[in-house]
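Sequential numbering of the sequence shown, starting at 1, is according to full-length UniProt numbering.
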Amino acid sequence: MWLLYSSLTLLVVSFGSCDTLTSQEGIQCPSLQVAEWKFPRTTRQNITGFNLVRRFSLLKDTDVRKLRNPRGSVILRLGKASLLRPTDQVFPHGLPEEFTLIFTLALKKSALRDTIYLFQISDQQGYPQLSVDFSAPDGTLTLRARGADPEAELVSCVFN
1 MWLLYSSLTL LVVSFGSCDT LTSQEGIQCP SLQVAEWKFP RTTRQNITGF NLVRRFSLLK
61 DTDVRKLRNP RGSVILRLGK ASLLRPTDQV FPHGLPEEFT LIFTLALKKS ALRDTIYLFQ
121 ISDQQGYPQL SVDFSAPDGT LTLRARGADP EAELVSCVFN
């Protein structure tokens, strides 16, 4: 089986910086000012992530195949497992203003013809509010987000 390993290391989403953007074809996304973000070196506070594997109970899901990894944590093969949950169940304190998504993908050759939706948050009517998808034919990652105004259009950034 031929695998494509794609590691999306850091994808930082800041809704505050997208408030005034409009979606236009061919316009580059604004660069992130990572240099100004500094974590204090003297702090003993552990900065932890938000674990969607736990929130979706993927280790307990019988549709998710667990593969042993001799080098580290368990590998989860999601296949066609349904990962739909109410937003308040996954994010009980609401979505933070800034967060990071990290994906490591191993795709089958047959999946290289499709667009794969990695992450999506929808409102109560089912309309997407935030989504990340990977277009295998184009080799692009697309981020779409809607700001606080429910009437506003989705803002999208395409990463090559």
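Quick reminder that beta carbons are idealized off the backbone N, C-alpha and C, glycines included.
Query, Result
"Classification of ARG146 by the beta-carbon crowding that lies within 10 angstroms, buried from 16 upward", "buried"
"The alpha helix (DSSP H) enclosing THR115, as first and last residue numbers", "Segment 115-122 is the beta strand (DSSP E) holding THR115; no alpha helix (DSSP H) there."
"THR104 versus ARG65 - alpha carbon distance", "16 Å"
"CB contact flag (THR142, ASP133, <8 Å)", "yes"
"Cβ pair VAL90, ARG55 closer than 8 Å", "yes"
"Per-residue burial, VAL155 [other beta carbons within 10 Å of its own, 16 or more giving buried]", "buried"
"Simplified DSSP state of ARG55, which is helix, strand or coil", "helix"
"Boundaries (first-last residue) of the beta strand (DSSP E) holding ASP133", "128-135"
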